[in-house]
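A.B. asks: To start, I am sharing the structure in question, which I have written as C-alpha cells.
Okay, structure coming up:
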C-alpha cells in the first residue's frame with residue numbers, strides 16, 4: 016500500500032461539512048484481499064492499536080469494527096479506522112471517515128481532522144503500520160506515537176487562542192487561520208479582526224512595549240499613585256549592593272524584559288544571596304532590575320476593555336508527603352492528574368523536573384530522592400505560573416471593589432485593552448494600599464487559569480474579549496455564492512454592480528479576476544478557495560459576491576462557512592469526465608454544496624426551469640427563491656403558496672411576487688444585458704441576480720437601476736457577448752465553451768440583423784470527444800463560415816486533435832467544407848475572419864484568451880478610423 020496523493024480541505028467540501036482530508040491510496044494488489052486472509056494481521060493490528068476495539072463501525076454496535084475485522088474487511092477501510100484511532104490516542108476527538116474505490120487498486124480515504132499536520136502524519140503512520148503487518152515486520156509504535164504527539168504539541172492551539180476561537184464560533188463569527196502559527200482572523204471583510212493569543216487587532220503595540228519593560232511600567236503606575244514595589248535598574252554588582260541596601264532586604268532580582276516568571280529570584284535576604292543571583296542572571300540577561308520583595312500571596316487580575324473580567328490566586332506547584340514516597344514519585348503522582356498535560360494541551364501543565372526545580376528544593380533542604388514526611392506540604396518552585404505547573408483558584412467574587420478600581424486604572428495607564436495584572440498581597444479582598452502592591456502588568460495574558468481553575472467557578476474571559484472585539488455584534492459581511500454551468504460570471508458581476516450602487520465596497524471573484532471595489536487586483540480564473548479567501552480577508556470589503564466554480568469546489572471546498580445567499584444558475588452537461596465527474600448527477604452533487612452551505616435564515620436562488628437544478632431542492636435547508644421564464648411554473652407557484660418569493664418573466668416584464676403581490680420590476684427591453692430581449696440567457700441571469708438581491712433585502716428601485724446600468728461591455732462584463740463594430744460588420748467575443756453556452760449565444764446572434772454569420776470556434780481539450788463533436792455540429796448548424804482554432808492550453812490533447820474533432824462535428828451537420836478553415840492560432844483565426852468580412856457580416860468568437868483579441872480588434876478599428884481621416888483630408 017502506498018500514498019498517491021493527499022488533499023486537505025479546510026472548510027465545507029463535497030465529502031463533508033467538516034474539515035477533512037482526502038488521501039488517495041494504491042493498494043498494490045491487495046484491493047480484494049480481506050483482513051482475515053492475511054495471516055496474523057487482525058491480532059497484531061489490535062495489539063498495536065487497542066483503540067480500534069472502541070470503534071462501532073457501520074454496524075453501530077460495541078466492538079463493531081473488531082467484528083468486521085474477524086469477518087474480513089478490506090485494507091482501505093482498515094486504514095481509515097487506523098487514522099481515526101491514532102488521532103484519538105493522542106487526545107483528538109474525531110470520528111468521521113469513509114473509504115471509497117476509485118478504480119481497481121486505487122482507493123481514496125476521507126477522514127476528519129482537527130490539526131492538519133498531525134492528521135497528515137497520522138495517515139502516513141496508518142499506512143506504515145498496515146505495510147509492516149502485511150510484511151510481518153516488527154513496528155515500533157511507541158516511537159511513532161511519540162513523534163505524532165510532538166507534531167501535535169507544535170501545532171495545537173494554546174488554551175487562550177482556543178478559548179477565544181471557540182467563543183467566536185459559538186456566536187456564529189467565522190474563524191480563519193492565518194499562516195502556520197496561532198494567528199487567526201475572526202469575522203469576514205470589514206468586520207475581520209486579527210487575534211494571536213490574547214493580543215488583538217486593536218491592542219496597542221506601544222502599550223505592549225511598555226508592559227514588556229517592567230521598569231517603565233513601574234514608573235508609569237507610580238506616577239498615577241498606584242501601589243507598586245519600589246525598584247530600579249542595576250548597572251553592576253556595586254550598584255546592586257547600593258540599591259538593595261537603599262530599598263531594603265528582602266529583595267527580588269529579575270530581568271527588565273521577561274515573561275512567565277523566567278529568571279526571577281525572590282525573597283533574597285542578604286548581600287551574598289543577591290550577588291549569587293546577579294551572577295547567574297547576568298550570564299543570560301543584559302538589563303537586570305532590583306525591587307522590594309512584597310510578602311504575600313500571588314494574584315492575577317484580568318482586565319478587558321477597561322473592565323474587570325476575572326481574578327485568580329496562583330499557587331506554585333507543590334506535593335504533599337505520604338511518609339513513604341520520594342519527592343520524585345510524589346511529582347509523578349501529581350502529574351498523573353488527567354487535567355495535567357504537556358505545555359498548554361490541558362487545563363493544567365505537568366510539573367517538569369528541571370534545574371530550577373532542583374535548585375529550589377535543594378535550597379530548602381530537600382532533593383528528589385528525599386522522602387517527605389506524611390502531611391508535609393512542599394512547594395517546588397518560587398513562581399506560581401500555570402505554565403510551570405502552578406494551579407489557580409478563582410477569586411473573582413471576593414476581590415474588593417477598591418482593588419478592581421486600582422487594576423482598571425493600571426490597565427488604562429499602560430493603555431492595554433487586554434491585560435493581566437500581577438498582585439502580591441495577603442488578602443485580595445482588602446485594598447492594596449493597606450496590604451500589597453502591583454508587581455507587573457502583562458500584555459497577552461494567559462486566560463487558561465480563569466477558564467479552568469483548579470478550584471472555583473470558571474470565568475468566560477474569552478467571552479469578554481469577543482464582546483470587546485465585536486461591539487456592534489457583527490462578525491460577517493453579506494456573502495453571495497454563485498454557481499452553475501453557464502451564467503455564473505455575468506450573474507456575479509451584475510449582483511456586485513448593483514451592490515456597488517449602494518456604496519458597498521464589493522469584493523468579487525470571477526472567471527476574469529478578483530475585484531475589490533471595482534478594481535481588479537488579480538487577473539485570471541479566480542473562482543476557487545484561495546481567491547474567495549482573498550476577498551474574505553480583505554478589510555475594505557462590505558459585501559462578498561463569489562463565483563464558485565466546480566473545479567474550486569472539488570479541489571479545496573468552500574472558503575466561507577455559510578453564505579447569506581446561494582445561487583444556482585443552471586446545471587447542464589459540462590466537465591463530464593474531469594475530476595471524477597462522470598455523470599450530470601455527479602456535477603449536480605458538486606454544485607449542490609453551494610445550496611447546502613447557506614445560513615438557516617438565508618436564501619437559495621434556483622432556476623425552476625432547469626430539470627437538473629431541481630434535483631438538489633431536497634438538500635436545501637434554508638429559504639428558496641425560484642426564478643422562471645414562465646409565471647405558471649409549477650415549482651414557482653408552489654413556493655409562492657408557501658409564502659416564498661418568486662421571480663418570473665411575463666408579458667415583457669420581470670416580476671417579483673410574494674404573498675399574492677406581483678410587482679413589475681422592470682421592462683425586459685430596459686435590461687441592458689438582455690439587448691431588447693434578444694439574449695434569453697441574460698434575462699435568466701438577470702432574474703438570478705434579482706433573486707440574490709431580493710434575498711439581501713435590496714430596495715427594488717436599486718435592483719432596477721442595477722439592471723438598467725449593467726452592460727455587455729469590456730468594462731462591466733468583459734468576455735460576455737462583447738460587441739465591437741467595424742466598418743463592414745460586427746465582432747462579438749464570448750467565453751462560451753460548452754454545448755448550452757454555444758446554443759445560447761448563437762440563438763441570441765440569430766436575432767441580430769446580419770448578412771453572414773462567421774464563427775471562430777474552439778473548445779477546451781479536457782471535454783469528452785462526443786461533446787466536442789456535438790459542439791462542432793452545433794456550429795455547423797448556425798454558421799455560414801467557420802474558422803476552427805485551438806486553445807494554447809491543450810489540456811492533455813495533441814496539436815490538431817481538438818481541431819479535427821470539431822471539423823468532423825461540423826461536417827456531420829452537412830456543412831460545406833469549402834466554407835471552413837483550420838487556423839490553430841486564435842488571434843490569427845480572428846484576423847483572417849476580419850480580413851474576409853463582408854458588409855453586414857457578424858463574427859462570433861468563442862475565445863480562450865480575451866485581451867489579445869480585444870487588442871487586435873481595437874487595432875483594426877483604429878486603422879479604419881485613420882483611413883477614414885486620410886480619405887476625408889483627400
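Numbering (the working numbering), first residue to last: 16 to 889.
Quick reminder that beta carbons are idealized off the backbone N, C-alpha and C, glycines included.
1. Taking the alpha-carbon positions, what's the residue 768 to residue 860 distance?
2. Could you name the residues that DSSP lists as bridge partners for residue 856?
3. Would you decide whether residue 200 is buried or exposed? Buried here means 16 or more other CB atoms lie within 10 Å of its CB.
4. For residue 257, which of helix, strand or coil comes out of DSSP?
5. Under 8 Å, with one C-beta from each stretch per pair, do the region 116-132 and the region 170-180 reach the 3-pair mark?
6. Looking at C-alpha atoms only, which residue of 263, 162, 178, 296 is the closest neighbour of residue 285?
7. For residue 749, count neighbouring Cβ atoms within 10 angstroms of its own Cβ and tell me buried if that reaches 16, exposed if not.
8. Helix, strand or coil: how does DSSP classify residue 50 here?
9. Between the region 488-506 and the region 347-364, do three or more beta carbon pairs fall short of 8 Å?
10. In angstroms with no decimal places, state the Cα-to-Cα distance between residue 182 and residue 477.
11. With DSSP as the reference, label residue 252 as helix, strand or coil.
12. On the DSSP letters alone, give me the boundaries of the beta strand (DSSP E) that residue 508 sits inside.
13. Considering Cα atoms alone, identify which of 799, 113, 616 is closest to residue 96.
14. Quick test of your reading: residue 528 and residue 539, contact by CB under 8 Å. State the CB separation rounded to the nearest angstrom.
15. Using alpha carbons as the reference points, say which of 431, 816, 793 lies closest to residue 225.
16. Using alpha carbons as the reference points, say which of 23, 41, 46, 94 lies closest to residue 57.
17. On a CA-only basis, which of 208, 669, 110 is nearest residue 684? Give me that one, please.
18. Taking the alpha carbon of residue 411 as the reference point, which residue from 344, 322, 354, 454 has its own alpha carbon closest?
19. Do the region 592-608 and the region 625-639 meet, that is, are 3 or more Cβ pairs less than 8 Å apart?
20. Starting from residue 705, follow the alpha helix (DSSP H) in both directions and report where the run begins and ends.
21. Considering only the alpha carbon of each residue, which of 784, 604, 848 lies closest to residue 823?
22. Shortest alpha-carbon distance to residue 42 belongs to which of 696, 656, 16?
23. Out of curiosity, what's the CA-to-CA distance linking residue 47 and residue 121?
24. Take residue 723 as the anchor and find which of 649, 137, 705 has the nearest alpha-carbon.
25. Report the option in 695, 274, 296 whose CA atom is closest to the CA atom of residue 402.
26. Using beta-carbon positions only, say whether residue 438 and residue 415 come within less than 9 Å of one another.
27. Does the region 356-375 come close enough to the region 386-404 to have 3 or more Cβ pairs within less than 8 Å?
28. May I ask you to report which of helix, strand or coil DSSP gives residue 791?
29. Under three-state DSSP, which class holds residue 573?
30. Which same chain residues, not among the five before or five after residue 517, have their C-beta less than 8 Å away from its C-beta?
31. Output the residue ranges of the beta strand (DSSP E) runs that lie fully inside the region 16-75 and measure 3 residues or longer, sorted by chain position.
32. What three-state label does DSSP hand residue 771 in the structure shown?
33. Just to confirm before moving on: does the CB-CB distance between residue 789 and residue 837 stay below 9 Å?
34. Run the CB neighbour count on residue 391, radius 10 Å, all protein chains shown included, and call it buried at 16 or more, exposed below.
35. Going by DSSP, which residues form a beta bridge with residue 521?
36. Using three-state DSSP, classify residue 81 as helix, strand or coil.
C.D. replies: Let me spell this out:
1. Sequence index remark: in the chain shown, residue 768 carries index 753 (1-based). Sequence index remark: in the chain shown, residue 860 carries index 845 (1-based). Approximately 17 Å, taken between the alpha carbons.
2. Mapped onto the chain shown, residue 856 falls at position 841. Note: residue 856 sits in no beta bridge, so no partner.
3. As a working mapping, residue 200 is identified with position 185 in the chain shown. With at least 16 other beta carbons inside 10 angstroms of its own, residue 200 counts as buried.
4. Along the chain shown, read from residue 1 onward, the residue named residue 257 stands at position 242. Residue 257 falls in the helix class under three-state DSSP.
5. Touching, yes, given that three or more Cβ pairs across the two stretches are closer than 8 Å.
6. For the purposes of this step, residue 285 is identified with residue 270 of the chain shown, where counting begins at 1. Residue 263 is the option with its Cα nearest to residue 285.
7. Working through the chain shown from its first residue, we reach residue 749 at position 734. Buried, because 16 or more other Cβ atoms sit within 10 Å of the Cβ of residue 749.
8. Here residue 50 corresponds to residue number 35 of the chain shown, with the count starting at 1. Here residue 50 sits in helix by DSSP.
9. Here the region 488-506 makes no contact with the region 347-364; the two share fewer than three CB pairs at distances below 8 Å.
10. If you number the chain shown from 1, residue 182 lands on position 167. If you number the chain shown from 1, residue 477 lands on position 462. About 6 Å.
11. As a working mapping, residue 252 is identified with position 237 in the chain shown. It is helical.
12. For the purposes of this step, residue 508 is taken as residue 493 along the chain shown, with counting starting at 1. Looking at the DSSP string, residue 508 is not in any beta strand (DSSP E); the run it does join, the alpha helix (DSSP H), is 503-515.
13. Within the chain shown, the letter at position 81 stands for residue 96. Checked all of 799, 113, 616; the closest Cα to residue 96 is 113.
14. Here residue 528 refers to the residue found at position 513 of the chain shown. Here residue 539 refers to the residue found at position 524 of the chain shown. Indeed they touch by this definition, with Cβ atoms about 6 Å apart.
15. The sequence position of residue 225 within the chain shown is 210, counting from 1. Of the listed residues, the one whose Cα sits closest to residue 225 is 431.
16. Locating residue 57 in the chain shown gives position 42, where the first residue counts as 1. Ranking 23, 41, 46, 94 by Cα distance to residue 57 puts 94 first.
17. Residue 684 sits at position 669 when you count from the first residue of the chain shown. That would be 669, whose Cα lies nearest to the Cα of residue 684.
18. Translated into the one-based positions of the chain shown, residue 411 becomes position 396. Ranking the options by Cα distance to residue 411, first place goes to 322.
19. yes
20. In the chain shown, the residue the question calls residue 705 occupies position 690. Where residue 705 is concerned, the enclosing alpha helix (DSSP H) stretches over 695-710.
21. For this step, residue 823 is matched to residue 808 along the chain shown. Among 784, 604, 848, the Cα nearest to that of residue 823 belongs to 784.
22. The residue labelled residue 42 in the question sits at position 27 within the chain shown. When only C-alpha atoms are compared, the closest one is 16.
23. Taking the first residue of the chain shown as position 1, residue 47 is located at position 32. Taking the first residue of the chain shown as position 1, residue 121 is located at position 106. C-alpha separation (whole angstroms): 11 Å.
24. Counted from its first residue, the chain shown places residue 723 at position 708. It is 705.
25. In the chain shown, residue 402 corresponds to position 387, counting from 1. Closest option to residue 402, Cα to Cα, is 274.
26. For the purposes of this step, residue 438 is taken as the residue at position 423 of the chain shown. For the purposes of this step, residue 415 is taken as the residue at position 400 of the chain shown. Not closer than 9 Å, so no.
27. The region 356-375 vs the region 386-404: in contact.
28. One-based indexing of the chain shown puts residue 791 at position 776. Three-state DSSP puts residue 791 in a helix.
29. Taking the first residue of the chain shown as position 1, residue 573 is located at position 558. Here residue 573 sits in coil by DSSP.
30. As a first step, residue 517 is located in the chain shown; it is residue number 502 there, counting from the start. Only 713, 717 meet the Cβ criterion.
31. 17-24, 35-41
32. Along the chain shown, read from residue 1 onward, the residue named residue 771 stands at position 756. Correct three-state label for residue 771: coil.
33. Here the question's residue 789 lines up with position 774 in the chain shown. Here the question's residue 837 lines up with position 822 in the chain shown. Their beta carbons are not under 9 Å apart, which means residue 789 does not touch residue 837 by this criterion.
34. As a position in the chain shown, residue 391 is number 376, starting the count at 1. Looking at its Cβ environment, which holds fewer than 16 other Cβ atoms inside 10 Å, residue 391 is exposed.
35. The residue you call residue 521 lines up with position 506 of the chain shown. Per DSSP, 558.
36. Position 66 of the chain shown holds residue 81. Correct three-state label for residue 81: helix.
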